[in-house]
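Here the structure comes first, spelled out in structure tokens, and everything after it is commentary.
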Amino acid sequence: MNRYPVIPTVLVVTEGLTEKIYLDRFRERDAGFNLIVKRSPEQRPEKILKFCESQIAERGLNPRDGHAAYCVFDTDYTPEDKLQYVLDRARKKGIGIILSKPCFEVFFLLHFTNNIDSLASPKDAKEELSQYLEDYSESKDYWKKLLPMQQEAISRSRRFTLPERFNLKKCPNGTNLYELFDDFTERKVSR
């Protein structure tokens with residue numbers, strides 16, 4: 386029996402539409418992996434993780450075959466103990482967590498500025514972002530506008546690392562989205 390090599394799949398489950406629209410743009414031909422970006426039907430981190438786990442099982446994704454799974458969500462409106470539970474459970478299951486504080490828009494802001502420490506809420510981030518992206522809306526695709534500055538945003542995002550024990554008050558604003566970019570890049574290079 387002739388067996389074809391398995392093309393690895395990277396499953397990304399997002400909290401919101403903004404993340405899905407942006408991350409869907411990473412699907413490209415001949416990347417060496419399949420990218421599936423799904424929006425979770427529920428937006429609480431524990432529900433996003435549960436949905437991700439069900440998608441892994443449904444699709445038969447196994448890390449030993451080169452597959453990977455990530456959950457992408459924000460810290461806004463989530464109690465610290467729930468975040469810690471999700472982080473611990475995801476680590477045990479081998480699921481990557483891409484976390485943004487206070488919200489995903491902080492990554493968009495990093496395309497333009499490194500000054501994100503004063504953002505106290507998603508509303509603050511979106512108001513700040515509207516200075517750079519006129520008429521900012523969570524449902525618009527900003528890929529073409531952001532692409533020329535993407536490497537700068539990735540570089541700036543590297544200052545944010547996901548701690549082992551999460552302390553929401555002490556954790557700086559930022560995102561570890563660079564981890565997903567690093568995974569994509571490594572998969573393309575190693576083909």
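Residue numbering for the sequence shown follows the numbering used here, starting at 386 and increasing by one per position.
Backbone N, C-alpha and C define an ideal beta-carbon position, used for all residues, glycine too.
State the CB to CB distance for the pair residue i and residue j, rounded to an integer number of angstroms; the pair is presumed to be in contact (CB under 8 Å).
{"i": "residue 530", "j": "residue 514", "result": "That belief does not hold up - the Cβ atoms of residue 530 and residue 514 are roughly 11 Å apart, past 8 Å."}
{"i": "residue 366", "j": "residue 526", "result": "With the chain running from 386 to 576 in the structure shown, residue 366 is simply not present."}
{"i": "residue 401", "j": "residue 493", "result": "Residue 401 to residue 493, Cβ: 13 Å. No contact."}
{"i": "residue 499", "j": "residue 543", "result": "Not a contact, Cβ separation roughly 11 Å."}
{"i": "residue 538", "j": "residue 484", "result": "16 Å between Cβ atoms; not a contact."}
Along the alpha helix (DSSP H) that carries residue i, what are the first and last residues, could you check?
{"i": "residue 491", "result": "490-494"}
{"i": "residue 542", "result": "535-542"}
{"i": "residue 439", "result": "430-444"}
{"i": "residue 391", "result": "Note, residue 391: premise wrong, no alpha helix (DSSP H); not H, not E."}
{"i": "residue 420", "result": "It is not in any alpha helix (DSSP H) - residue 420 instead sits in the beta strand (DSSP E) that spans 419-424."}
{"i": "residue 514", "result": "507-514"}
{"i": "residue 529", "result": "528-531"}
Considering residue i, what are the terminal residues of the beta strand (DSSP E) in which it resides?
{"i": "residue 459", "result": "453-459"}
{"i": "residue 406", "result": "Unbroken run through residue 406 is the alpha helix (DSSP H), 402-409; no beta strand (DSSP E)."}
{"i": "residue 478", "result": "Where residue 478 is concerned, there is no enclosing beta strand (DSSP E), although the alpha helix (DSSP H) it sits in stretches over 465-478."}
{"i": "residue 522", "result": "Element bounds for residue 522: n/a, residue is neither H nor E."}
{"i": "residue 482", "result": "481-486"}
Please classify residue i as buried or exposed, where buried requires at least 16 other C-beta atoms within 10 Å of its C-beta.
{"i": "residue 559", "result": "buried"}
{"i": "residue 464", "result": "exposed"}
{"i": "residue 413", "result": "exposed"}
{"i": "residue 507", "result": "buried"}
{"i": "residue 561", "result": "buried"}
{"i": "residue 605", "result": "Any question about residue 605 goes unanswered here, given that the chain covers just 386 to 576."}
{"i": "residue 565", "result": "buried"}
{"i": "residue 563", "result": "buried"}
{"i": "residue 404", "result": "buried"}
{"i": "residue 511", "result": "buried"}
Between the region 418-428 and the region 391-401, can you find at least three pairs of beta-carbon atoms closer than 8 Å?
yes
Just checking, does the region 430-438 make contact with the region 449-468 on the three C-beta pairs under 8 Å criterion?
yes
With three or more C-beta pairs closer than 8 Å as the rule, is the region 437-445 touching the region 460-470?
no
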